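> Below you'll find the structure I mean.
6 protein chains.
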Amino acid sequence: MGLKAETREKLRSVSTATVSTALYKRGFRIQMIQGVQPLSPDQPTMVGEAFTLRYMPAREDLNKLDVFRDHGHPQRKAIEECPPGMVLVMDSRKDARAASAGAILVTRLMKRGAAGVVTDGGFRDSAEIARLGFPAYHQRPSAPTNLTLHQAIDINVPIGCGDAPVFPGDVVLGDSDGALVIPAHLADEIADEAVEMTAYEDFVTERVQGGRGIFGLYPPTDPQSLQDFATWRKKSGR
Amino acid sequence: MGLKAETREKLRSVSTATVSTALYKRGFRIQMIQGVQPLSPDQPTMVGEAFTLRYMPAREDLNKLDVFRDHGHPQRKAIEECPPGMVLVMDSRKDARAASAGAILVTRLMKRGAAGVVTDGGFRDSAEIARLGFPAYHQRPSAPTNLTLHQAIDINVPIGCGDAPVFPGDVVLGDSDGALVIPAHLADEIADEAVEMTAYEDFVTERVQGGRGIFGLYPPTDPQSLQDFATWRKKSGR
Amino acid sequence: MGLKAETREKLRSVSTATVSTALYKRGFRIQMIQGVQPLSPDQPTMVGEAFTLRYMPAREDLNKLDVFRDHGHPQRKAIEECPPGMVLVMDSRKDARAASAGAILVTRLMKRGAAGVVTDGGFRDSAEIARLGFPAYHQRPSAPTNLTLHQAIDINVPIGCGDAPVFPGDVVLGDSDGALVIPAHLADEIADEAVEMTAYEDFVTERVQGGRGIFGLYPPTDPQSLQDFATWRKKSGR
Amino acid sequence: MGLKAETREKLRSVSTATVSTALYKRGFRIQMIQGVQPLSPDQPTMVGEAFTLRYMPAREDLNKLDVFRDHGHPQRKAIEECPPGMVLVMDSRKDARAASAGAILVTRLMKRGAAGVVTDGGFRDSAEIARLGFPAYHQRPSAPTNLTLHQAIDINVPIGCGDAPVFPGDVVLGDSDGALVIPAHLADEIADEAVEMTAYEDFVTERVQGGRGIFGLYPPTDPQSLQDFATWRKKSGR
Amino acid sequence: MGLKAETREKLRSVSTATVSTALYKRGFRIQMIQGVQPLSPDQPTMVGEAFTLRYMPAREDLNKLDVFRDHGHPQRKAIEECPPGMVLVMDSRKDARAASAGAILVTRLMKRGAAGVVTDGGFRDSAEIARLGFPAYHQRPSAPTNLTLHQAIDINVPIGCGDAPVFPGDVVLGDSDGALVIPAHLADEIADEAVEMTAYEDFVTERVQGGRGIFGLYPPTDPQSLQDFATWRKKSGR
Amino acid sequence: MGLKAETREKLRSVSTATVSTALYKRGFRIQMIQGVQPLSPDQPTMVGEAFTLRYMPAREDLNKLDVFRDHGHPQRKAIEECPPGMVLVMDSRKDARAASAGAILVTRLMKRGAAGVVTDGGFRDSAEIARLGFPAYHQRPSAPTNLTLHQAIDINVPIGCGDAPVFPGDVVLGDSDGALVIPAHLADEIADEAVEMTAYEDFVTERVQGGRGIFGLYPPTDPQSLQDFATWRKKSGR
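Top to bottom, those sequences are chains A, B, C, D, E and F.
Residue 62 is where the first sequence starts when you use the working numbering, and the numbers rise one by one after that.
Residue 62 is where the second sequence starts when you use the working numbering, and the numbers rise one by one after that.
Residue 62 is where the third sequence starts when you use the working numbering, and the numbers rise one by one after that.
Residue 62 is where the fourth sequence starts when you use the working numbering, and the numbers rise one by one after that.
Residue 62 is where the fifth sequence starts when you use the working numbering, and the numbers rise one by one after that.
Residue 62 is where the sixth sequence starts when you use the working numbering, and the numbers rise one by one after that.
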């Protein structure tokens, strides 16, 4: 069980755009985490199963600075418990007026082997996080401590993130277009199909760069296109 | 334990405006459920403890119409389990593009003795609900079935509703200005204080209607104001 | 061709909520015109085929007051050409900062026999329109002339209205929850199904008002529910 | 100087829609106070010169409850100083998450002879204000005390309200479509023109109710329309 | 007819800021395409006439993946028909939750000689597009296929894009501040004036960098400023 | 009086994230200027006292291009009067549809020795400003002249900027996460505390980079953490 190593590898080689289309073919329209962007243009592609953290609005009497002294505080617990290879996905109710986390926690997460971190709110110390080379996605930088707005309340329950449904164990893929969620039971077949689609898209891109028009080629309504593709695959070893 | 009958009675006689101020004095700034309104201008004041329902974004494959055949479906379960005297509060992520519930479920809730219902989304069959004489609050009417957008996922967990924190057992008060949440442990003292404040505000209103200015009266910086108030209380029996 | 009289009658007897569910069963999720409300709580149910008007942002040099002297001006033309029994649906790009139309034009539309009017912007003279007893839907009142913001550009082309797709000839249904769009080719079967659903919902409402719980009844997973319904239909003649 | 009695009377007889068009003819596009509505559908038309109050975000240490003990507090001062016949217009930065004022202050304002009150935020005790029969405009009801969000900082300075520019002394007109601002130096000529326009619009409405089409009539490109209007004016004494 | 080569050259040397001011002098206030940004900070200035594509909300039954097999599909047609030297401007109703197009189509557009592409939605494969060195403007990256949200419906009709009016043939100018639309009949005179204004602004910038204050210089109310400018032009050959 | 040189130096060495937490400890929750970002990732940290400019909506007749010929125009005056070492903070009502200022004015401000500039709207010539190496913060680039939307009305009054309260003389700190406002009377103690906090955070970061977990370390509930920190300070000279 869990995300297979080869599925992870396949997904690392495809784009969120391609996977979105594969999901759409199966009737999924809202798996994109809307409104989030990578902290750095140079961060690697992110692939991993979702480990979730749910925030609720922070009631003033329950969110004094000393709450972090409690080892059971869900935000800190999530950082220390997110399994290696997984992506910590935070439901911050799309509110970036206070931070979902900062550089120290994200660094710790990286050191523990997590595959990435996503919030539909914002991170503080954003420039420092951007330099880590660790896949991180948010709406925008946000300096205020989460206590002013967000109370961590639940770990690893189903959540919404950027209007997408996220169940623990779903597979999260992130690239420069953003991040999306693949239902766990579809990860393998989506990965397979996306690898195939990517090969064809790369072939198309090469042709279009060479001056070819899109009719008959994209999609391949002209049978010649598929023959050319077959030849191309052989030649390029894909 | 639970909401005392006399506290309930006291809260029924005060306004969300007055209670908001009493909460503000204790450092609470975000207890108002933002952006909701009563479905009918004539519905009675709502008082009751919060029983909560959490929605997440509805994944297409998990939200076919037949999900309602399952008696364990959290939305239907919440309707049949919300204890009499309590208010069902729904976290619909402030998204009113699909309904949080409709007239049949709200009628059932009323029949079961609930004290009211609140969503930060919208209700369908809104005119029918408005005619029930049952306290109901939402953002705006919304006809589409919840399945298009909202998947009920959790019952009686802490939630956000209209950006307010809601813990099960908190006391929800609703009037024509909207609805707010009183932390459970403060309900009694807030109720007492709000009754006192209301008496003074009624006295002030009477004086202002009679032509008196607000300086010295509201707040009572002129000692005479408090003497006049004492006389007024005696006379009016409050 | 066109909307059959009996389909029109059937739709007049059902709600947007019920029809939304029938559409959802067929895979339609975005047919509700989001964010519009009736101008009057007392206006009759609206049913009619869509006749559309498309607005674009108003360039200053092309929208002087004298443009209305041109009989070919699309806004005025739409008012004089919308066929009786049809609903004029306006794409105002969800922008209510200026009016989509006012009482004189809406009165004319009514006099010409139209079935209603919808804009995802706002109407001016809103109180006067509300008194007409004519089905009208908008986002909110808006006094400024459309020329400040909206240039009428196209008549009877496919448009978006409140994020719903509207093709000329689609059937528009409006009640107190708002307005929605039924694809033309589905109007008959949706009307039939909605009438059946409404009968069952009315039966359920009666039972729930009488104290019955929803499990087994709504949906009718208990076979007894369907038997009771059959009896009820006979008795109530539905 | 100031608003002439006859100009006030004329404006009382015309609509914000008509005045918006008169302003548009003179190049004014943003005088409508966007997003505000009357608290009661039955409140009288509002006409008066603007007396302004500016709010800024409320810093916590400067907005304890005892600030109202200070007679110089700008909110309370504005209430006691707004001259009779004027409209108190509040710049609440379009933020209705806390109240701009409540029933006691609005009652006092009414008693002092003010012509109305407008905020681009919200009022608390909204149902009570609605019953006063006093022209009041806001975005939506809002129970929390202004101290949680709004600090009154300036009286009678130029402000923005609902994205409209408001200079002290400008004339504010409100009806069921909302409220707008007439630059002070144009009040007389706008009033004159709007009265004329209203006569013509009433004539047109009567004709359209009688079955007449709009081409040639609205606007009167057919000379017969103006002759008919002349006859109508004589007959109806307008 | 069409955009003159020398006007194109002139516009390439001026900024959207300068042209905005020239438009404002002629009464144009809304020609800026609001809310769009270049995909790459390094892409060249964009100048070309508008060729438009209009999207409407995508009805589910009309937007299966196989629609792209139709050579007449307006999105694909627009890509293959946009004339060289023109800018493809897409009305995506300011909704970036799904892509307006992706790298393959944008590459094809570039290869066909188009001058640039603008959407008020988002592009997928955004990093790949950014590397093309082709002027492209959008709101934000967006991976989901357009079919989930946008149905291409019309080619080369007047549209709104980012709240700006765009008529086919209008001239679109884009730089790092964004993109704007010059009404076709004004392109030549705006280009001339903007070149002159740019010369003066460059002169001013040099002076201000040298320590000069702005009074008398910007605008040149001090006659000496214009004399100095004359000298500077001679010296710098502008 | 005024900002002490050593406080300025201390603040230059700390982050907005750290200062936000120090403010939160004292009850300040809204001092972050929400929704603004640096124009360049490379611009230096910004520290200086606030000098303010207030914009209101621009009435058309008062905002012709020739208003800038008036040396008393508040925008131009603010640029020429903002004292060296101070930050010009503009209240643009969070509206970035027109520019708050452009490169010439910002260059002049820099030349006059200002410490930075902030608007909650947008700047035109944004790429040019970004190259100045001068701390500048806005919402997004915006080419249209301020006259289309913003009328400068007041200099150095208390304002709101990005929903934060800004009083003249408050200390503004900006880094890559954005900009915030320190109440003037707290600048010294906040600076001291933030320097201490930063030392501890740097120590924590080093440990976490070395593999240490956060429990007991952040916050230092394990006494050993404080001992290790003491050692680290000695060694690192902090």
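All residues carry an ideal CB built from backbone N, CA and C; glycine is no exception.
Remember, predicted model here, so these are calculated numbers, not experimental data.
#1: Can you list the residues of chain D that Ala176 of chain C reaches, using a CB-CB cut of under 9 angstroms?
#2: Is Lys296 of chain A buried or exposed, if buried means 16 or more other CB atoms sit within 10 Å of its CB?
#3: Can you say whether Ala191 of chain D is buried or exposed, counting buried as having 16 or more other CB atoms within 10 angstroms of its CB?
#4: Check the DSSP bridge columns for Met93 of chain D and list the partner residues they point to.
#5: So Gln285 of chain F contacts chain A; which residues on that side make the cut at Cβ distance below 8 angstroms?
#6: Distance cutoff 7 angstroms, beta carbons only. Does Thr209 of chain A sit that close to anything in chain E?
#7: Kindly say whether Tyr85 of chain D, judged by its beta-carbon, lies nearer than 7 angstroms to any beta-carbon of chain C.
#8: DSSP three-state label for Val256 of chain A, please.
#9: Grab the span of the alpha helix (DSSP H) containing Thr68 of chain A for me, first residue to last.
#10: Quick one: residues in its chain with C-beta nearer than 8 angstroms to the C-beta of Glu141 of chain B, no 5 flanking neighbours on either side, listed in chain order?
#11: Output, in chain order, the set of chain C residues within a Cβ distance shorter than 8 angstroms of Ile275 of chain D.
#12: By Cβ distance below 7 angstroms, which residues in the same chain neighbour Gly277 of chain B in space, the five residues on each side in sequence not counted?
#13: If you run the structure through DSSP and keep just helix, strand and coil, what is Ser187 of chain C?
#14: Could you tell me the alpha carbon to alpha carbon distance between Pro105 of chain D and Val80 of chain D, rounded to whole angstroms?
#15: Closest to Leu84 of chain F by CA distance: which of F:Ile251, F:Gly271, F:Phe264 is it?
#16: So, using beta-carbon positions, are Asp186 of chain F and Pro118 of chain D closer together than 7 angstroms?
#17: Do we get a CB-CB distance below 7 angstroms when we pair Ala204 of chain B with the residues of chain C?
#18: Can you list, in chain order, the residues of its chain whose CB lies under 8 angstroms from that of Met147 of chain B, leaving out five sequence neighbours each side?
#19: According to DSSP, Cys222 of chain E sits in a beta bridge with which residue or residues?
#20: List the endpoints of the continuous beta strand (DSSP E) containing Ser101 of chain C.
#21: So with CB distances below 8 angstroms, who are the chain D contacts of Glu121 of chain F?
#22: Given this structure, state the Cα-to-Cα distance separating Gln288 of chain F from Phe184 of chain A, to the nearest angstrom.
#23: Would Pro196 of chain F pass as a contact of Met93 of chain F if the rule is Cβ separation under 7 angstroms?
#24: Which residues in the same chain as Ala204 of chain E place their Cβ atom closer than 6 angstroms to its Cβ, once the five residues preceding and following it in sequence are excluded?
#25: Any beta carbon of chain C sitting closer than 7 angstroms to that of Gly183 of chain E?
#26: Indicate the three-state DSSP secondary structure (helix, strand or coil) for Phe290 of chain F in the structure shown.
#27: What does DSSP give as the partner residue(s) for Tyr198 of chain C in the beta ladder?
#28: Just curious, the beta strand (DSSP E) that Ile214 of chain A is in, first and last residue?
#29: Once you ignore the five residues that flank Val128 of chain F on each side, which residues in its own chain have a CB closer than 6 angstroms to its CB?
#30: Where Glu67 of chain B and Tyr198 of chain C are concerned, what is the direct C-alpha to C-alpha distance, given to the nearest angstrom?
#31: Comparing alpha-carbon positions, which option in B:His246, B:Tyr261, B:Gly221 lies nearest Arg87 of chain B?
#32: Using the three-state DSSP reduction, which class does Phe276 of chain C fall into: helix, strand or coil?
#33: Can a CB atom of chain B be found closer than 7 angstroms to the CB of His246 of chain D?
#34: Return the Cβ separation of Val269 of chain F and Ile165 of chain A in integer angstroms, given the expectation that the two are a contact with Cβ distance under 8 angstroms.
#35: Is there at least one Cβ from chain D nearer than 7 angstroms to Gly109 of chain B's Cβ?
#36: On the DSSP bridge assignment, give the partners of Arg299 of chain A in chain order.
Looking at the coordinates:
#1: In the third sequence, counting from the first residue as 1, residue 176 of chain C sits at position 115. The premise fails here: Ala176 of chain C is roughly 18 angstroms from chain D at the closest Cβ pair, so nothing lies under 9 angstroms.
#2: Indexing the first sequence from 1 puts residue 296 of chain A at position 235. It is exposed - the Cβ of Lys296 of chain A has fewer than 16 other Cβ atoms within 10 Å.
#3: Locating residue 191 of chain D in the fourth sequence gives position 130, counting from the first residue. Ala191 of chain D is buried by the Cβ-count criterion.
#4: Locating residue 93 of chain D in the fourth sequence gives position 32, where the first residue counts as 1. DSSP lists D:Leu241 as partners of Met93 of chain D.
#5: For this step, residue 285 of chain F is matched to residue 224 along the sixth sequence. Result: empty, since nearest Cβ-Cβ is about 15 angstroms, beyond 8 angstroms.
#6: Working through the first sequence from its first residue, we reach residue 209 of chain A at position 148. Chain E contact via Cβ: absent.
#7: Here residue 85 of chain D is taken as the residue at index 24 of the fourth sequence, counted from 1. Closer than 7 angstroms to some Cβ of chain C, the Cβ of Tyr85 of chain D qualifies, so yes.
#8: Sequence index remark: in the first sequence, residue 256 of chain A carries index 195 (1-based). It is helical.
#9: Residue 68 of chain A sits at position 7 when you count from the first residue of the first sequence. Segment 66 to 73, the alpha helix (DSSP H) holding Thr68 of chain A.
#10: What you label residue 141 of chain B is simply residue 80 of the second sequence in a count that begins at 1. Excluding positions up to five away in sequence, the list reads Arg169, Arg173.
#11: Locating residue 275 of chain D in the fourth sequence gives position 214, counting from the first residue. Those are Arg137, Ile140, Glu141, Ile165, Leu166, Arg169, listed as they occur along chain C.
#12: For the purposes of this step, residue 277 of chain B is taken as the residue at position 216 of the second sequence. These residues qualify, in order along the chain: Asp283, Ser286.
#13: If you number the third sequence from 1, residue 187 of chain C lands on position 126. Helix, per DSSP.
#14: Position 44 of the fourth sequence, counted from the start, is the residue given in the question as residue 105 of chain D. Position 19 of the fourth sequence, counted from the start, is the residue given in the question as residue 80 of chain D. Whole-angstrom Cα-Cα distance: 17 angstroms.
#15: As a working mapping, residue 84 of chain F is identified with position 23 in the sixth sequence. Closest option to Leu84 of chain F, Cα to Cα, is F:Ile251.
#16: Stepping through the sixth sequence from its first residue, residue 186 of chain F is reached at position 125. Stepping through the fourth sequence from its first residue, residue 118 of chain D is reached at position 57. Not in contact: Asp186 of chain F and Pro118 of chain D (Cβ atoms no closer than 7 angstroms).
#17: Position 143 of the second sequence, counted from the start, is the residue given in the question as residue 204 of chain B. So yes, Ala204 of chain B belongs to the interface.
#18: Counting from one through the second sequence, the residue named residue 147 of chain B turns up at place 86. Same-chain partners within the cutoff: Gly109, Glu110, Ala111, Phe112, Ala175, Ala176.
#19: For the purposes of this step, residue 222 of chain E is identified with residue 161 of the fifth sequence, where counting begins at 1. Answer by DSSP bridge pairing, in chain order: E:Ala225.
#20: Within the third sequence, numbered from 1, the residue matching residue 101 of chain C stands at position 40. No beta strand (DSSP E) holds Ser101 of chain C; DSSP gives it neither H nor E.
#21: Residue 121 of chain F sits at position 60 when you count from the first residue of the sixth sequence. Within 8 angstroms Cβ-Cβ: Gly88, Phe89, Arg90, Ile91.
#22: For the purposes of this step, residue 288 of chain F is identified with residue 227 of the sixth sequence, where counting begins at 1. For the purposes of this step, residue 184 of chain A is identified with residue 123 of the first sequence, where counting begins at 1. Gln288 of chain F and Phe184 of chain A: Cα-Cα distance of roughly 30 angstroms.
#23: Taking the first residue of the sixth sequence as 1, we reach residue 196 of chain F at position 135. Taking the first residue of the sixth sequence as 1, we reach residue 93 of chain F at position 32. No.
#24: Along the fifth sequence, one-based indexing puts residue 204 of chain E at 143. Arg185.
#25: Residue 183 of chain E sits at position 122 when you count from the first residue of the fifth sequence. Gly183 of chain E does not count as touching chain C.
#26: Residue numbering aside, residue 290 of chain F sits at position 229 when the sixth sequence is read from its first letter. Of the three classes helix, strand and coil, the one that applies to Phe290 of chain F here is helix, per DSSP.
#27: Working through the third sequence from its first residue, we reach residue 198 of chain C at position 137. DSSP output for Tyr198 of chain C lists C:Pro99, C:Val179 as bridge partner(s).
#28: For this step, residue 214 of chain A is matched to residue 153 along the first sequence. Run containing Ile214 of chain A: 211 to 216, per the beta strand (DSSP E) assignment.
#29: For the purposes of this step, residue 128 of chain F is taken as residue 67 along the sixth sequence, with counting starting at 1. Closer than 6 angstroms at Cβ, skipping near neighbours: His134.
#30: By one-based count along the second sequence, residue 67 of chain B stands at place 6. By one-based count along the third sequence, residue 198 of chain C stands at place 137. If I take the Cα positions, the gap works out to 45 angstroms.
#31: Looking up residue 87 of chain B in the second sequence gives position 26. Answer by Cα proximity: B:His246.
#32: Mapped onto the third sequence, residue 276 of chain C falls at position 215. Looking at Phe276 of chain C - three-state DSSP - the assignment turns out to be coil, as it is neither helix nor strand.
#33: Taking the first residue of the fourth sequence as position 1, residue 246 of chain D is located at position 185. Taking Cβ atoms only, chain B never reaches closer than 7 angstroms to His246 of chain D, which makes this a no.
#34: Against the sixth sequence, residue 269 of chain F aligns to sequence position 208. Against the first sequence, residue 165 of chain A aligns to sequence position 104. Indeed they touch by this definition, with Cβ atoms about 6 angstroms apart.
#35: Within the second sequence, the letter at position 48 stands for residue 109 of chain B. Cβ-Cβ to chain D under 7 angstroms: no for Gly109 of chain B.
#36: By one-based count along the first sequence, residue 299 of chain A stands at place 238. Arg299 of chain A is not bridged to any residue.
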